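Encoded as structure tokens, the structure appears first; notes follow it.
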Ligand code: S3P
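In this note's numbering, the protein residues as written are 8 to 232.
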């Protein structure tokens with residue numbers, strides 16, 4: 008965890024009052040002007056302090072959850088810029104993600120990710136799509152929460168496999184049993200994805216529909232501020 012990010016995390020944690028992972032509080036939350044998003048499989052409500060700064064929209068979620076396509080649609084609707092943390096890393100290093108993993112190893116890639124996220128804190132009006140493993144480092148998520156509404160795009164392992172099976176650019180899925188790898192990684196990461204402010208199930212919706220939901224949540228979160 009990089010030091011600056013650790014400090015930001017501590018500050019962000021101070022600002023977030025309480026997290027209640029239960030759908031039962033939806034009406035109560037709305038009454039209190041907190042945002043709630045209840046999805047088919049997972050309900051999640053994060054209570055946010057009304058003074059939390061929300062200048063951007065950040066999308067987190069597993070590989071194949073639709074962050075890129077949803078992010079582009081959402082940016083179009085909000086008239087925001089769009090950026091992707093993986094693209095920033097590629098343009099900065101001049102190397103592909105697969106190459107970084109192969110030559111320098113995953114920890115080196117994660118350090119680049121952390122550095123990249125830490126540099127986004129002054130952005131405004133930007134939709135930020137993130138790499139699937141980025142929220143596993145709590146400092147990254149805390150950093151995003153200092154300036155963005157964090158929305159997790161959730162997808163089941165089956166749906167993820169359907170979406171990624173014909174793609175070859177993801178080093179973590181270069182595995183003898185990629186479906187098992189997806190299940191394992193998703194299970195290990197679920198706890199981190201659920202730290203998002205809003206969780207949207209993408210299994211049964213098109214990218215455009217998901218983007219509409221995400222934009223709706225963003226507008227709710229930023230109205231009356
Ligand atoms: C990764 C996801 C990828 C990329 C890298 C590692 C992960 O991004 O950051 O291959 O750990 O889940 P996408 O989620 O955009 O595929």
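Even for Gly, the Cβ is constructed at its ideal location relative to N, Cα and C. Fair warning: this is a prediction, and the values are worked out from it, not measured in the lab.
- prompt: Do the CB positions of residue 143 and residue 205 come within less than 8 Å of each other?
  reply: It is not a contact, given that the beta carbons lie outside the stated cut-off.
- prompt: In whole angstroms, what separates the C-alpha of residue 203 from that of residue 135?
  reply: Computed Cα separation, rounded: 14 Å.
- request: Label residue 184 either buried or exposed according to how many other C-beta atoms from any shown protein chain fall within 10 Å of its C-beta, with 16 as the threshold for buried.
  value: The residue in question, residue 184, is exposed, as its Cβ has fewer than 16 Cβ neighbours within 10 Å.
query: For the putative contact between residue 146 and residue 121, defined by C-beta atoms under 8 Å, what is the C-beta separation to the nearest angstrom?
result: That belief holds up - the Cβ atoms of residue 146 and residue 121 are roughly 6 Å apart, short of 8 Å.
- request: Count the other CB atoms, across all protein chains shown, that sit within 10 Å of the CB of residue 194; report buried if there are 16 or more and exposed otherwise.
  value: Result: exposed.
task: Return the CA-CA distance between residue 224 and residue 190, expressed in angstroms with no decimal places.
output: One alpha carbon belongs to residue 224, the other to residue 190, and they sit about 28 Å apart.
- prompt: Terminal residues of the continuous beta strand (DSSP E) containing residue 68?
  reply: Membership of residue 68 in the beta strand (DSSP E) is indicated by the continuous run 63 to 68.
task: Would you list, in sequence order, the uninterrupted beta strand (DSSP E) runs of no fewer than 3 residues that lie entirely inside the stretch 88 to 142?
output: Listed in chain order, they are 88 to 91 and 133 to 136.
message: Taking contact to mean 3 or more Cβ pairs, one atom from each stretch, closer than 8 Å, check whether the stretch 164 to 174 and the stretch 78 to 92 are in contact.
response: At 8 Å Cβ cutoff, the stretches do not touch.
field: Other residues of its chain near residue 209: CB distance less than 7 Å, five sequence neighbours each side excluded
entry: If the five residues before and after residue 209 are omitted, its C-beta is found closer than 7 Å to the C-beta atoms of 72, 73, 160, 161, 162 and 217, all from its own chain and listed in chain order.
field: Alpha carbon of residue 125 to alpha carbon of residue 149, nearest angstrom
entry: It is roughly 10 Å from the alpha-carbon of residue 125 to the alpha-carbon of residue 149.
message: Measuring only from the beta carbon, is residue 139 closer than 7 Å to any heavy atom that is part of the ligand S3P?
response: Yes; taking the cut-off as 7 Å, the Cβ of residue 139 has a heavy atom of the ligand S3P nearer than that.
- request: Keeping to the same chain, check which residues put their C-beta closer than 8 Å to that of residue 46; ignore five residues upstream and five downstream.
  value: Low confidence applies here, because residue 46 scores a pLDDT of 40, under 50, leaving its location unreliable and the question unanswered by this model.
Beta carbon of residue 87 nearer than 8 Å to that of residue 133: With contacts defined as CB atoms closer than 8 Å, residue 87 and residue 133 qualify as a contacting pair.
- request: State the Cα-Cα distance for the pair residue 182 and residue 66, rounded to the nearest angstrom.
  value: Cα-Cα distance, rounded: 26 Å.
- request: Give the DSSP-derived three-state secondary structure of residue 203 in the structure shown.
  value: For residue 203, the three-state secondary structure derived from DSSP is coil.
C-alpha distance - residue 214 paired with residue 64, whole-angstrom precision: Between the alpha carbons of residue 214 and residue 64 lies a gap of roughly 16 Å.
- prompt: Looking only at its own chain, which residues have a Cβ that is under 7 Å from the Cβ of residue 131, when we skip the five neighbours before and after it?
  reply: Within the same chain, 62 and 63 come within 7 Å of residue 131 by CB-CB distance, once the 5 residues on both sides are set aside.
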